[in-house]
Ligand SMILES: [Zn+2]
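In this note's numbering, the protein residues as written are 3 to 226.
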């Protein structure tokens, strides 16, 4: 073997090694790339599978809603809403909007709720009517962007809440509640009990809150 051939052989062996290394690196890079893609896909799938419910407790610490016998709608609902969710299945996420009850305009409230990208928004209030105690109502707005879905979810909530015989009547109304129109998700309002019925105020602050919470949790777990 002359020197030239030797040199060529060494060179070609050398380039083969380099080529092999690049090939291995490529495989490694491909592996890294695929892992990143699969992690992203997994993360996106989790996002897609999570059903986010935003609960908007009516009123705030300035506008406390109806006040009867020194009891305010805001205070009764604050304690009720804090306990309304029990054990949830992994794909249901509940976010309490504005838990401290900061004062905000309707526009601010809607913008903050929309930023949470909810799949469903439930605004919880107490009613005020001459119908007496043991009444609840679902209030819908047909200008809500997910009106059909809202009706579906509302009807499921009625099925669950009526397991508690205390709420002898749960009616459905379609009105022009502004918040329901401003949120970018199916949404409805739940009016649970009447503020001007002392029996309802007592019920929601005693054993009633546990029953409502149990049925509400079952409703949430039935979503999705
Ligand atoms: Zn209210």
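Yeah, the Cβ is synthetic: ideal placement off N, Cα and C, and Gly gets one too.
Residue side-chain check: residue 61 places its Cβ nearer than 7 angstroms to a non-hydrogen atom of ligand 1.
The straight-line gap separating the alpha-carbon atoms of residue 212 and residue 155 is approximately 21 angstroms.
Distance from the CA of residue 187 to the CA of residue 123, rounded to the nearest whole angstrom, comes to 7 angstroms.
Look at residue 154 here: in three-state DSSP terms it is helix. Minimum Cα-Cα distance from residue 162 among the listed residues 146, 214 and 53 corresponds to 214. Bridge pairing for residue 190: 124 [DSSP]. Pairing residue 55 with residue 190, the inter-Cα distance amounts to about 12 angstroms. Within the DSSP bridge table, the entry for residue 94 names 53 as partners. Here residue 86 carries a coil assignment [DSSP, helix/strand/coil]. In the structure shown, residue 67 falls within a coil segment according to DSSP collapsed to helix, strand and coil.
In this structure, the C-beta of residue 67 approaches ligand 1 to less than 7 angstroms from one of its heavy atoms. Taking a cut-off of 8 angstroms on C-beta distances, the stretch 169–185 touches the stretch 110–129, as three or more cross pairs fall below it. The beta carbon of residue 226 lies closer than 7 angstroms to those of 53, 93 and 94 in the same chain, with the five residues before and after it left out.
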